[in-house]
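In this note's numbering, each residue carries its 1-based index in the sequence shown increased by 146.
The structure under discussion appears below in the form of structure tokens.
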Amino acid sequence: MSQFLTGIDSKIYDLTKYDVLLSSYNVCIVFFYANDNLTDSFMPSQELEDAYYKTVLQFPLLAGQIKKKGGGTLQVVVDKSDLNLPGYRESQSDTHFSDIKSADFNPTAWPSDLAPVGNTAYPDRNTGVIKLLNTHVVRLKDNSGIIISFNTNHVATDAFGSLEFFNQWAAETRALVTGVHAEKVSYCFDREAIQKHLPSKRLPLDDTTFRAYTIKSRIADWLLGLSPNSRAKLLNYLGNRNPTRGHLFRISREKFDHLHSRVLECMPPGVRLTSNDLLSAIAYKVHGQAKLDADAANIGWLGRLTNRSVNAKGEHGLSVACDLRGLLGMSDTNYIGNPLFTAIVNNQMSHAEQPITPQTLAEIGAQVRRSLSNVSPPFIGSFIDFVDSDSFKAGSLIASGMKSALITLTSNITRAKLYHADFGSGVQAFSTVCPNYRAVQYIILPAPPPSKDILVNFTASASEMEFILKNEFWRDITTLVY
């Protein structure tokens, strides 16, 4: 800690309008490590903590405070004399790793106080400031393993950046344990750096994207005009009044590949269908049906009599999150931020009245592919120009959600380094997200290697989840993990 306090420098990091929207949420990931050989030297406490603060020195942004700035934006202020110290603590549990593993890592087997923060940001109870990094290390009974609840505020970075920190922390710990220096890595925190990777050519935004990013709402603008603390408190209050429910599901590779082949046969000629396209289409159809079923149930016997059709009104939006690093040739820059874009598909809720078949999945999959195919470097250049302009307000994205009858947001992190962090005793036995993650309804995760199966964390309203669990198509292609 002393090395961290003396080594960090004061600095101000300007953020984007897009970051303002993300500042209300945390990226929450949970990692499980097994001490298979039951060695006393397994992930030693002092080295873990020392390496943690060594890594924060390489990610100084995470020791700053979120401050409002003119023009509807935010900045992170790192003040050496008034640091927003990242949360870090280690505790001991009476639960054995074998008990958690035998329960398929079900959250009911986790220590009750595992997560130091929720998925919605909230001011720290001791400092009154929203922390940008919060970590809880739980050492399991008989030193049989460790669980790490790792949480970063989304204003600082996305899942990619969070995992860059986590993997570097592992490398620094391993270095302290072995005495071999960790490879030095340089990270980029400058939001303006993305400008250097934009082409000179521009392509106009498509109508769907333009409409979604230009909808006006006084309520949304008011919400984002609040201080970060006030907005966090309000969103937590609203979230508690409208609880959601999340579950983790497994899709076997064999079943998915079989379905993929059948859907491909129904695609328009020459149009490809990626795994992500199909997974997004599945989420959209299942979530839409659950919404109509839940609404029908809420109006009693009339809803049951008329099935889904009574409430098939309004639009259902599908937002597919895209990481722009690869498209802009930024993969080697170690850019820590939120270079994100959401490709949007809109249909009338009546689409959910149709059964889920290879044909109906192909129709949505083709729309997803068409929307994602637009996302080229010239298109991204126009998007960044627009977001940076005076005419864009981050509240438009909230307004777009308020206008829709239902929004399904998907995020695919199957290519993220979720099984790469070796603290000196091997990589993760299991990695997942907090199950009830209201910010993103459908998170696609890799299964632990060597499995090629797909994991999906699905979050929805309690009433919708009841019907997701009953959905015949969903039950056929997935297995409930927890």
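By construction, the Cβ of each residue, glycine as well, lies at the ideal position given by its N, Cα and C atoms.
{"Asked": "Same chain only: Cβ atoms within 6 angstroms of Q211, ignoring 5 sequence neighbours per side", "Found": "V223, N230, V275"}
{"Asked": "Simplified DSSP assignment, three categories, for L220", "Found": "strand"}
{"Asked": "A443 classed as buried or exposed, judged by whether at least 16 other C-beta atoms fall within 10 angstroms", "Found": "exposed"}
{"Asked": "Delimiting residues of the beta strand (DSSP E) encompassing V579", "Found": "576-579"}
{"Asked": "Cβ neighbours of Q505 in the same chain (closer than 6 angstroms, five flanking residues each side left out)", "Found": "C412"}
{"Asked": "Among L168, D182, S537, A317, nearest to L278 - alpha-carbon criterion", "Found": "L168"}
{"Asked": "Three-way DSSP call (helix, strand, coil) for A593 in this model", "Found": "coil"}
{"Asked": "Helix, strand or coil at V432 [DSSP, three-state]", "Found": "helix"}
{"Asked": "Nearest-angstrom Cα separation, counted from D531 out to T254", "Found": "46 angstroms"}
{"Asked": "Length-filtered (4 minimum) alpha helix (DSSP H) runs lying within the region 532-587", "Found": "541-549"}
{"Asked": "Continuous alpha helix (DSSP H) assignments of at least 4 residues falling wholly in the region 339-413", "Found": "353-358, 364-371, 374-387, 399-410"}
{"Asked": "Simplified DSSP state of K277, which is helix, strand or coil", "Found": "coil"}
{"Asked": "C-beta atoms of T201 and Q314 nearer than 8 angstroms", "Found": "yes"}
{"Asked": "Option in I490, R471, N493, F529 with minimal Cα separation from N484", "Found": "R471"}
{"Asked": "Whole-number beta carbon distance between I490 and G463, since they are thought to touch under 8 angstroms", "Found": "6 angstroms"}
{"Asked": "Backbone secondary structure at I526 - three-state DSSP", "Found": "helix"}
{"Asked": "I600 versus L424, S542, E499, residue with shortest Cα-Cα distance", "Found": "L424"}
{"Asked": "Start-end ranges of the alpha helix (DSSP H) lying completely within the region 169-211, minimum 4 residues", "Found": "191-204"}
{"Asked": "Cα-Cα separation between S373 and G153, rounded to whole angstroms", "Found": "30 angstroms"}
{"Asked": "Cβ contact (3+ pairs, closer than 8 angstroms) linking the region 538-550 and the region 354-368", "Found": "yes"}
{"Asked": "Inter-residue spacing [alpha-carbon to alpha-carbon] between R621 and L615", "Found": "7 angstroms"}
{"Asked": "Proximity to Y234 [Cα-Cα], best of N297, S426, F576, S156", "Found": "N297"}
{"Asked": "At least three beta-carbon pairs within less than 8 angstroms, the region 520-540 to the region 345-353", "Found": "yes"}
{"Asked": "Same chain only: Cβ atoms within 6 angstroms of K215, ignoring 5 sequence neighbours per side", "Found": "Q221"}
{"Asked": "Bounding residues of the beta strand (DSSP E) (the contiguous stretch that carries K157)", "Found": "157-160"}
{"Asked": "Inter-residue CB distance, V627 and D196 (contact presumed, cutoff 8 angstroms)", "Found": "Rounded, the Cβ-Cβ distance is 35 angstroms, inconsistent with contact."}
{"Asked": "Test item: CB-CB of T556 and S398 under 8 angstroms", "Found": "no"}
{"Asked": "Identity of the residues DSSP links to Y234 by a beta bridge", "Found": "T281"}
{"Asked": "8 angstroms Cβ cutoff met for F243 and S290", "Found": "yes"}
{"Asked": "Residue from V263, S363, S237, L370 with nearest C-alpha to Y164", "Found": "L370"}
{"Asked": "Cβ-Cβ distance between I590 and I559 below 8 angstroms", "Found": "yes"}
{"Asked": "Stretch-stretch touch, CB-based, cutoff 8 angstroms, three pairs: the region 579-586 with the region 257-270", "Found": "yes"}
{"Asked": "Three CB pairs or more closer than 8 angstroms across the region 318-333 and the region 562-576", "Found": "yes"}
{"Asked": "Cβ neighbour criterion (16 or more within 10 Å) applied to K431", "Found": "buried"}
{"Asked": "Contact under 8 angstroms by Cβ, A339 with T162", "Found": "no"}
{"Asked": "Euclidean distance between Cα positions of D367 and S170", "Found": "14 angstroms"}
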